[in-house]
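Numbering (my numbering), first residue to last: 7 to 195.
Below, the structure is given as structure tokens:
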């Protein structure tokens, strides 16, 4: 973590958040399981801040078997009820059920297409989209690409994948680079 650098305006002064911004956000992710994890964490964020979820990320990894979709798809009612008692995660019944539903949808998609990564990256033509953003206010909440991703994921049975969630996911996993122009990450492109 480097101090004294200009960063995107959404970053607070917590070293965890700074590290996330500097080392993860906007860095292209092509790993199927990491993409599955991030899609579910972005869904958990709905109505909350990413900072809240980031601080709970290790708890989510523990609670959800490191986001192994094959294991999660087998969760029964007793496991779901135990997750709803876990104070380390957001204990929202719909969000917890969504992870299980998403694991099942993920497994079907993998069986059909082989690569979750290729499927998701297809919404941006397979390459990171660099988006000049003069200010934080210039960053959109959603785009036509996130609209399409949301629509297609919903058709496949995924939950908590609205267009705004999908766009936040696309930003987090580097499908789009939305670092504002004054951020040191944008300046190092």
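Using N, Cα and C, we set each Cβ at its ideal position, and we do this for glycine too.
| Asked | Found |
| --- | --- |
| Measure the beta-carbon distance from residue 164 to residue 72 and round it to whole angstroms, keeping in mind my assumption that it falls under 8 Å. | At roughly 19 Å, the Cβ-Cβ gap does not stay under 8 Å, so residue 164 and residue 72 are not in contact. |
| Taking 8 Å as the cut-off, does the stretch 84-100 touch the stretch 143-163 (at least 3 CB pairs, one atom from each stretch)? | no |
| Going by DSSP, what residue range makes up the alpha helix (DSSP H) through residue 134? | Element bounds for residue 134: n/a, residue is neither H nor E. |
| I need the straight-line Cα distance from residue 83 to residue 101, nearest angstrom please. | 14 Å |
| Taking C-alpha atoms, which residue in 75, 67, 106 lies nearest to residue 86? | 106 |
| Closest by CA to residue 58, which one among 114, 23, 158, 133? | 23 |
| Give the DSSP bridge partners of residue 64, in chain order. | Looking at the DSSP assignment, residue 64 forms no beta bridge with any residue, so it has no partner. |
| Would you kindly work out how many angstroms separate the C-alpha atoms of residue 90 and residue 103, rounded to a whole number? | 10 Å |
| Hey, residue 186 and residue 142: beta-carbon distance below 8 Å or not? | yes |
| I'd like to know if the stretch 29-42 and the stretch 173-181 are in contact, where contact means that at least 3 CB-CB pairs between them fall below 8 Å. | yes |
| Which residues share a DSSP beta bridge with residue 182? | 135 |
| Using only CA atoms, which one of 188, 166, 126, 172 lies nearest to residue 144? | 188 |
| Under 8 Å between the Cβ atoms of residue 52 and residue 166? | yes |
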